[in-house]
Each structure stands twice: as structure tokens, then as C-alpha cells.
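Each residue of the sequence shown is one higher than the one before, counting from 655 in this note's numbering.
Please read the structure below before turning to the comments.
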Amino acid sequence: MSDMLIYDPEVVEGALLFGRFAYPPNRLGYCGPAESRSVYAYVAERRVDEGFFRLARDFQAAYFYLSLIAYSNGYRNPFHPKVVEAYWIGNELLDRVTPRKFYDALTEKFKKRMPDRAFAWLVGKLEHGAHPHHNFHVFDVYTRTGALKSARPDIALEHMDKCRISWGTVEAVFGGQVAVRRQPLVLRGDRLQLGDPEVVLVDLAEGDVSGVPLEVKPGDTVAVHWDWAAHVLTPMQLRRLKAETELTVRLANEALALA
């Protein structure tokens, strides 16, 4: 990657957005490089260089989706902010990833890691409008290729709720934590849905590194990933994240009904 691309303001914006969403599971050891503290230092200090991009490419699943979205929309750099926004939050770029391209990419990346029946179930969702969004990966890939494929149902549900990108309203800020009112993912009967809003504490910063990745205030709506406030959502971003979540939950419930 050239210096021009690294320091282009748009790419810096996209890279830092990626880092804020990618760091929370990385600090827990679920994905990405071993150097999670380095990832955090970049986003807290709001700077990027070739070292950051090397670390970012080690988030293999996320980088796979970014590359697919970028290729399908004519972007040369998968860390363009529109591409990063599409994967974590959602935007019009997802609509331009054709089912054929999505199928081919999933086949190359995941088919050998899944039983034939599970893979057929996965790609069957494409004809019903599934998008290459992070929440699709959580509900439909992570549960069958990662740590959740053999987890107890209650553990799987908790992990899905934490791993999906959710949203909540900031009630109060306490230094490196914020109180957020959000709807949890629940299972009622045999259907997944969003439950009644509850106030939870989520992290905003680590205490041993200078700088804060994100500035928030009461009343802001934030995107939450693994108990971490990753981004302040605009009204348009919130609408799209809600739409992607509704789509993912609907497809999941249709699959449960057929099981």
C-alpha cells in the first residue's frame, strides 16, 4: 500500500472506523492479531500507518467482507470509509453485491470449513436478500464455523448479542465507560427478537493508553460491539443498521421455522 493511500484523509477515516469496531473482540482474543494493544493505540491516538494496515488485514473474516464489498463497488481500497461503513453499519454498497458474487466469495472462503448441509443452508439465504454485513456473519457464519458451533444455546445467544452490531442511547458518561440504553437479543419461544430496552455499561476507552478513540455525550446514539461504544451513529446510519438487523433476524427466524 502506498504512502499516498495510507495518509489520504478518507482512508485514515475508514481505517480508524474499522479499528474502533474491530478492537473490542480483538482485546478478548476472539479474532485478529495478537497485538491487540497496538490496535488500540492506533485508534486511541487516531493515527494510522503501514503497521496499522498490516494488523488490520489480520482480521481475516472482516477483511474478506471488506474486499468483497470493495471489489463489487469498484473501490480499490477496502478501507475506504464507505466500504468500512457498509460492513459494520450498512449502506447502499451492500445492495450492489450480487448474489452470484456473494455466493462465489462464500464458497471460496467457507465451504471447506462447513458440512455440505450447513453450507447449503448458508447460501440459501442469498436468494432471500442476505447482505455481506457483519451481523450476517455473526448469525450465519460465526455460529457454524467458530467457537459457537458447539456452544450451549444460552451461551450462543449471549455471544451473538454481544458480537452483533447493536445500537443504544447514551444515558451518562463515566470516564472510560458509558451507560447505554439498548435492546438485547432474546429468544422468545422459537423466535429471535429484540427485547425490552435495558441500561448497560459499555467501555469507551482503556485506562493505560493516552487518548480516547471516540467522543460521546448523553443523548448520542452509539453502535455497540462486544460491550464497547464503537461509533456515534447519524440518523441515516441508525436507520440502515436497524434495517440490516431486521433482515438478519428475519432470515434467522425463517431458518429456525424450517429446522
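Here a beta-carbon is modelled for each residue, glycine too, at the ideal position from N, C-alpha and C.
Assignment of beta-bridge partners to residue 828 by DSSP yields 831.
For residue 845, the enclosing beta strand (DSSP E) starts and ends at 845-848. Annotation for residue 842: the continuous beta strand (DSSP E) segment containing it runs 839-842. The Cβ neighbour count for residue 769, taken over all protein chains shown within 10 Å, is under 16; the residue is labelled exposed.
The C-alpha of residue 692 lies about 14 angstroms from the C-alpha of residue 682. Counted as a single uninterrupted DSSP element, the stretch harbouring residue 698 is not any beta strand (DSSP E) but the alpha helix (DSSP H) occupying residues 690-699. The residue from 694, 870, 851, 714 with its alpha-carbon nearest to that of residue 831 is 870.
When Cβ pairs closer than 8 angstroms are counted between the two stretches, the segment 702-714 is seen not to touch the segment 852-867, the count staying below three.
Around the Cβ of residue 790, a 10 Å sphere holds 16 or more other Cβ atoms; the residue is buried. Under DSSP, the beta-bridge partners assigned to residue 822 are 836, 876.
Bridge partners of residue 885 according to DSSP: 877. Rounded to whole angstroms, the gap between the alpha carbons of residue 664 and residue 843 is 45 angstroms. The residue among 694, 809, 667, 846 with its C-alpha nearest the C-alpha of residue 865 is 694. With respect to the 8 angstroms criterion, residue 723 and residue 760 are not classified as neighbours on the basis of their beta carbons.
Of all alpha-carbon atoms in 742, 883, 751, the one lying nearest the alpha-carbon of residue 828 is that of 883.
With respect to the C-alpha of residue 668, the residue from 743, 685, 686, 678 having the closest C-alpha is 743. Unbroken alpha helix (DSSP H) stretches of 4 residues or longer found wholly inside the segment 706-785: 714-726, 735-742, 753-764, 770-777, given in chain order.
Here residue 880 is near residue 679, since their CB atoms are less than 8 angstroms apart.
Comparing alpha-carbon positions, the option among 818, 710, 750, 872 lying closest to residue 840 turns out to be 818. Cα atoms of residue 672 and residue 767: separation of roughly 26 angstroms, rounded to the nearest angstrom. In the DSSP assignment, residue 853 falls within the unbroken beta strand (DSSP E) covering 852-857. Ranked by how close their Cα comes to the Cα of residue 785, the residues 765, 878, 751 have 751 in first place. For residue 666, the enclosing alpha helix (DSSP H) starts and ends at 663-681. Residue nearest to residue 826 within the set 816, 792, 795, 874 is 874 (criterion: CA-CA distance).
Spatial neighbours of residue 666 in its own chain (CB-CB distance under 6 angstroms, excluding positions within 5 residues in sequence) are listed in chain order as 702. The C-alpha of residue 763 is placed about 33 angstroms away from the C-alpha of residue 868. Look at residue 791 here: in three-state DSSP terms it is helix.
Within the same chain, and ignoring the five residues on either side of residue 738 in sequence, the residues whose Cβ sits closer than 6 angstroms to its Cβ are 668, 671, 672.
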